[in-house]
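Participant:
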Amino acid sequence: MLLGRRDFLRSWAALPILIGNSAKAESSEPLRVRASRHNRIYGAAVCTEQLLSNEEYRKVIVREAGILVAEGETKRNVLQPQRNVFNFSKTDAILKFAQHNSQLMRGHTLVWHRANPKWLSEEIVVTRDEKLLTGYIEAIVGRYRSQLNSWDVVNEAIEPDDGLVSGLRQQSIWFRAFGESYIETAFHCARAADPDASLYYNEANLEGDVAWSERRRRATLKLLERLISKNVPIDALGIQGHLKAYRVKYSDEVFSRFLDDVASLGLQILITEFDVADAGGPEDHVQRDADVASLTHRFLDVAFSKPSVIGCLTWGITDKYSWLSRDEHYRWPDGQSSRGLPFDQEFKQKPMWDAMVSAYDKTPI
Ligand code: XIL
Numbered sequence: 001m002l003l004g005r006r007d008f009l010r011s012w013a014a015l016p017i018l019i020g021n022s023a024k025a026e027s028s029e030p031l032r033v034r035a036s037r038h039n040r041i042y043g044a045a046v047c048t049e050q051l052l053s054n055e056e057y058r059k060v061i062v063r064e065a066g067i068l069v070a071e072g073e074t075k076r077n078v079l080q081p082q083r084n085v086f087n088f089s090k091t092d093a094i095l096k097f098a099q100h101n102s103q104l105m106r107g108h109t110l111v112w113h114r115a116n117p118k119w120l121s122e123e124i125v126v127t128r129d130e131k132l133l134t135g136y137i138e139a140i141v142g143r144y145r146s147q148l149n150s151w152d153v154v155n156e157a158i159e160p161d162d163g164l165v166s167g168l169r170q171q172s173i174w175f176r177a178f179g180e181s182y183i184e185t186a187f188h189c190a191r192a193a194d195p196d197a198s199l200y201y202n203e204a205n206l207e208g209d210v211a212w213s214e215r216r217r218r219a220t221l222k223l224l225e226r227l228i229s230k231n232v233p234i235d236a237l238g239i240q241g242h243l244k245a246y247r248v249k250y251s252d253e254v255f256s257r258f259l260d261d262v263a264s265l266g267l268q269i270l271i272t273e274f275d276v277a278d279a280g281g282p283e284d285h286v287q288r289d290a291d292v293a294s295l296t297h298r299f300l301d302v303a304f305s306k307p308s309v310i311g312c313l314t315w316g317i318t319d320k321y322s323w324l325s326r327d328e329h330y331r332w333p334d335g336q337s338s339r340g341l342p343f344d345q346e347f348k349q350k351p352m353w354d355a356m357v358s359a360y361d362k363t364p365i
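Numbering-wise, the sequence shown is residues 1 to 365 according to the working numbering.
Below is the structure:
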C-alpha cells in the first residue's frame, strides 16, 4: 500500500534527532531534519564498501540522510549472479545500517534492461519464461517484505529513440521477451509480495527543456495512464533527476507542467537520483559550484511547491564517490572530478547543500 506523506511524518516523528535551539545549530541542521519539518524526505544512494571503510562518509550519511537506497547492490546482477545463487549480504548490510540509524530504505530496482546477470540476459529472450521475471520479484520483495519502504519496480522502460509509437524501449530484454505486459506483471507481482511497500515506476531524463526529453515525458505519461486504466498497482513516479547543468536546457515551466500532469493521475512523485553534472562548465570551480547550486535551487523549488512531490534522494552524497566522475556520458574528458553532489571530496558542505536546505526550508507544509 501507498506510504502517504502522513505516514512519512509519523515515521519521522520517532527519529532520535536532537534539534538545537541556537541559531548556530539551526544553520547546520542536517537535510533530513529540514526535510521532515516540511513533511518531505531527504536521502541518498550509498555503497556498502564505503559505509564499511570510511568513517567520515558514514557520519555524513547518518547525519544527513533519512532514507537510503543502494547505488548498485540491490540490482539483479548482484542479488542473483547465477540462476540458483542469491547473494543478499550487501543489501542486508545496508538495511541493517539504515535500521540501526532510524533511516528508511528503498529498493532499486527490480526490472531494468541493465545490470542483469549474463545468464539471465541470454536465457530470457530464448525461453520467454515468465518465472524468470515473477520468481525473482517474489523472492526479493518477499525477503524484504515490510522492511523496505518502497521499490522501483520497473526502471527506464521508455526509449523513444528505439522507434516504437509507444516510446517503449524495444531493445530491453524484458520487452523482447514479453512485450509491454512485463510492466504490469512486475507491478502485480511486487504488490502481492509486499502489500506495504510503495511501488514506483522510475524514469530518466524527464526534466529537460528539449525535444527528446519532451518525447520521454509524453511516453511516460501515456504509459502511466495505461497502467492506471488497467488497475495496475502503481503508487508513484520516480523522477531520476540527473541534471546536466551545461549540456541540457532546463526550464521551470516545463518541469512544473509535467509534475502537475503526473499528479493529476493520482500518483505521488519522488526525485530518486538527483545530481547535477558539471562537465562542460567553466574552469573556475567556484563559478561551477554557484551554477550547480542555482540550478539545484530552481529545480527543487519547483518540485517542492507541489504537494505530490514527497522528497528527494541524491545519487551519492559526496563528490568523492560520485558516479558522475566515472560514467562516460557525464564525466570530464580530462579526468577531473565532478562537483555535482552536496558535499565535496573532503566532506565539506558545498553551495549545493545550502541550495537544498533553502529549498526544503521554503517548502509549504
Ligand atoms: C549507476 C551507478 O551509479 C553506477 O555506479 C553504475 O555503474 C551504473 O548505474 N540510472 C539509474 C541508476 O537508475 O541505477 C544508475 O546507477 C544511474 C542512472
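From the three backbone atoms N, C-alpha and C, an ideal C-beta is built for every residue, glycine too.
#1: Taking Cβ positions, are residue 223 and residue 157 nearer each other than 8 Å?
#2: Please state if the CB of residue 270 and the CB of residue 317 are separated by a distance shorter than 8 Å.
#3: Around the C-beta of residue 73, are 16 or more other C-beta atoms found within 10 angstroms, so that it is buried, or is it exposed?
#4: For a test of the three-state rule: what should DSSP assign to residue 339, helix, strand or coil?
#5: So the alpha helix (DSSP H) residue 104 belongs to, where does it begin and stop?
#6: Would you kindly check if the distance between the Cβ of residue 342 and the Cβ of residue 352 is under 8 Å?
#7: Given that a residue counts as buried once 16 or more other Cβ atoms are within 10 Å of its Cβ, and exposed if not, what is residue 108?
#8: Note down the Cα distance separating residue 346 from residue 320, rounded to an integer number of angstroms.
#9: Quick one: which unbroken beta strand (DSSP E) runs of 3-plus residues sit fully inside the stretch 212-281? Chain order, please.
#10: What number of angstroms, rounded off, separates the C-alpha of residue 328 from the C-alpha of residue 127?
#11: Need the endpoints of the alpha helix (DSSP H) that residue 319 sits in, please.
#12: Hey, could you find the ends of the beta strand (DSSP E) residue 41 is sitting in?
#13: For the putative contact between residue 111 and residue 71, defined by C-beta atoms under 8 Å, what is the C-beta separation to the nearest angstrom?
#14: Given a threshold of 16 other Cβ atoms within 10 Å of its Cβ, counted over all protein chains shown, does residue 167 qualify as buried or as exposed?
#15: Counting C-beta neighbours from all protein chains within 10 Å, is the total for residue 297 16 or more, i.e. buried, or is it exposed?
#16: Please return the same chain residues whose Cβ sits closer than 8 Å to the Cβ of residue 308, not counting the five positions on each side in sequence.
#17: Let's see if you can read the secondary structure: which residues bound the alpha helix (DSSP H) around residue 198?
#18: Taking 8 Å as the threshold, find out whether the stretch 246-254 comes into contact with the stretch 195-210 through three or more Cβ pairs.
#19: Check whether the Cβ of residue 188 lies closer than 8 Å to any Cβ atom in chain C.
#20: CA-CA distance, residue 241 and residue 101?
#21: Using a Cβ-Cβ cutoff of less than 8 Å, which residues in the same chain neighbour residue 232 once the five nearest sequence positions on both sides are dropped?
#22: Exposed or buried, which one is residue 76 when buried takes at least 16 other CB atoms within 10 Å?
#23: In whole angstroms, what is the alpha-carbon distance linking residue 60 and residue 94?
#24: In whole angstroms, what is the alpha-carbon distance linking residue 80 and residue 117?
#25: Verify the contact flag: residue 323, CB atom, against every heavy atom of ligand 2, threshold strictly below 7 Å.
#26: Straight-line CA distance for residue 300 to residue 161?
#27: Taking a contact to mean a Cβ-Cβ separation below 8 Å, would you say residue 245 touches residue 193 in this structure?
#28: Looking at residue 360: is its Cβ nearer than 8 Å to the Cβ of residue 144?
Facilitator: In this structure, then:
#1: Taking the first residue of the sequence shown as position 1, residue 223 is located at position 223. Taking the first residue of the sequence shown as position 1, residue 157 is located at position 157. For residue 223 and residue 157, yes; Cβs fall inside 8 Å.
#2: To locate residue 317, count along the sequence shown from 1; it is residue 317. To locate residue 270, count along the sequence shown from 1; it is residue 270. Not a contact, by the Cβ cut-off of 8 Å.
#3: Start at 1 with the first residue of the sequence shown, and residue 73 comes out as number 73. Buried, by the Cβ-count rule.
#4: Against the sequence shown, residue 339 aligns to sequence position 339. Here residue 339 sits in coil by DSSP.
#5: Working through the sequence shown from its first residue, we reach residue 104 at position 104. Looking at the DSSP string, residue 104 is not in any alpha helix (DSSP H); the run it does join, the beta strand (DSSP E), is 104-111.
#6: Here residue 352 is taken as the residue at index 352 of the sequence shown, counted from 1. Here residue 342 is taken as the residue at index 342 of the sequence shown, counted from 1. Closer than 8 Å, so yes.
#7: Locating residue 108 in the sequence shown gives position 108, counting from the first residue. By the neighbour-count rule (16 or more Cβ atoms within 10 Å), residue 108 is buried.
#8: Stepping through the sequence shown from its first residue, residue 346 is reached at position 346. Stepping through the sequence shown from its first residue, residue 320 is reached at position 320. Approximately 7 Å between the Cα atoms of the pair.
#9: 236-239, 242-244 and 268-277
#10: Position 328 of the sequence shown holds residue 328. Position 127 of the sequence shown holds residue 127. Answer to the nearest angstrom: the Cα atoms are 33 Å apart.
#11: What you label residue 319 is simply residue 319 of the sequence shown in a count that begins at 1. No alpha helix (DSSP H) holds residue 319; DSSP gives it neither H nor E.
#12: Position 41 of the sequence shown, counted from the first residue, corresponds to residue 41. 41-46 is the extent of the beta strand (DSSP E) around residue 41.
#13: Counted from its first residue, the sequence shown places residue 111 at position 111. Counted from its first residue, the sequence shown places residue 71 at position 71. Wrong, their Cβ atoms sit about 18 Å apart, outside the cutoff.
#14: Residue 167 sits at position 167 when you count from the first residue of the sequence shown. So residue 167 ends up on the buried side.
#15: By one-based count along the sequence shown, residue 297 stands at place 297. With 16 or more Cβ atoms within 10 Å of its Cβ, residue 297 is classed as buried.
#16: Taking the first residue of the sequence shown as position 1, residue 308 is located at position 308. Excluding positions up to five away in sequence, the list reads 259, 262, 263, 267, 268 and 269.
#17: Reading the sequence shown from its first residue, position 198 is the one you call residue 198. First-last for residue 198: 198-203, but that is the beta strand (DSSP E), not the alpha helix (DSSP H).
#18: yes
#19: Any reference to chain C falls outside this structure, which holds one protein chain only.
#20: Within the sequence shown, numbered from 1, the residue matching residue 241 stands at position 241. Within the sequence shown, numbered from 1, the residue matching residue 101 stands at position 101. Cα to Cα, residue 241 sits roughly 26 Å from residue 101.
#21: Position 232 of the sequence shown, counted from the first residue, corresponds to residue 232. Correct list, in chain order: 183, 184, 187 and 188.
#22: Position 76 of the sequence shown, counting from 1, holds the residue named residue 76. Counting Cβ neighbours within 10 Å, residue 76 comes out buried, since at least 16 surround it.
#23: Counted from its first residue, the sequence shown places residue 60 at position 60. Counted from its first residue, the sequence shown places residue 94 at position 94. Residue 60 and residue 94: Cα-Cα distance of roughly 15 Å.
#24: Stepping through the sequence shown from its first residue, residue 80 is reached at position 80. Stepping through the sequence shown from its first residue, residue 117 is reached at position 117. Computed Cα separation, rounded: 7 Å.
#25: With respect to ligand 2, the structure offers nothing, as its ligand set consists of ligand 1.
#26: Within the sequence shown, numbered from 1, the residue matching residue 300 stands at position 300. Within the sequence shown, numbered from 1, the residue matching residue 161 stands at position 161. About 28 Å.
#27: Locating residue 245 in the sequence shown gives position 245, counting from the first residue. Locating residue 193 in the sequence shown gives position 193, counting from the first residue. Going by C-beta atoms, residue 245 is not nearer than 8 Å to residue 193.
#28: For the purposes of this step, residue 360 is taken as residue 360 along the sequence shown, with counting starting at 1. For the purposes of this step, residue 144 is taken as residue 144 along the sequence shown, with counting starting at 1. It is not a contact, given that the beta carbons lie outside the stated cut-off.
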